[in-house]
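Chemist: Take the sequence shown: its letter number 15 is residue 512 in the working numbering, and every next letter is one higher.
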Amino acid sequence: MPDPTILDQLAEKLAAAVPPGMRELQQDLEKNFRAILQSTFARLDLVTREEFDVQSAVLARTREKLEQLEAQVRALEARLADTAPAGPES
């Protein structure tokens, strides 16, 4: 979920865009806008920058480990090919 201050600022801007005749409802509108924005962002299942960075680091480590394992498999396959007995001689 985004930073609550961002939601507050966005709710204030939306309330400020209300026609002048409805200014007396501004606080109520801000509160309603804030609630709507929070529920909408909650449904979007967003992650914080920190959570994203942590998962990016995990992915990078996993990718690095995968590359190491692939190199080991290639080396083992090469050794196996070198030590495999030759096919039947005719």
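All C-beta atoms, glycine included, are put in the ideal place defined by N, C-alpha and C.
These numbers come from a predicted model, not from an experiment.
Assess contact between the region 549-567 and the region 527-537, defined as three or more Cβ pairs (one per stretch) separated by less than 8 Å. Is contact present?
Modeler: no
Chemist: Under 8 Å by Cβ, that's how I've got A508 and F530 pegged, so tell me the actual separation to the nearest angstrom.
Modeler: 4 Å
Chemist: Going along the chain, which residues of its own chain have a beta-carbon closer than 7 Å to the beta-carbon of D505, five neighbours each way excluded?
Modeler: Around D505: R531.
Chemist: By the three-class DSSP mapping on this structure, what secondary structure does V551 have?
Modeler: helix
Chemist: According to DSSP, is T676 part of a helix, a strand, or is it coil?
Modeler: It is not possible to answer for residue 676, since the shown part of the chain is limited to 498 through 587.
Chemist: Using 8 Å for Cβ pairs, my map puts A512 next to Q523. What's the rounded Cβ distance?
Modeler: 5 Å
Chemist: In angstroms, rounded to a whole number, what distance separates the CA positions of L566 and L541?
Modeler: C-alpha separation (whole angstroms): 36 Å.
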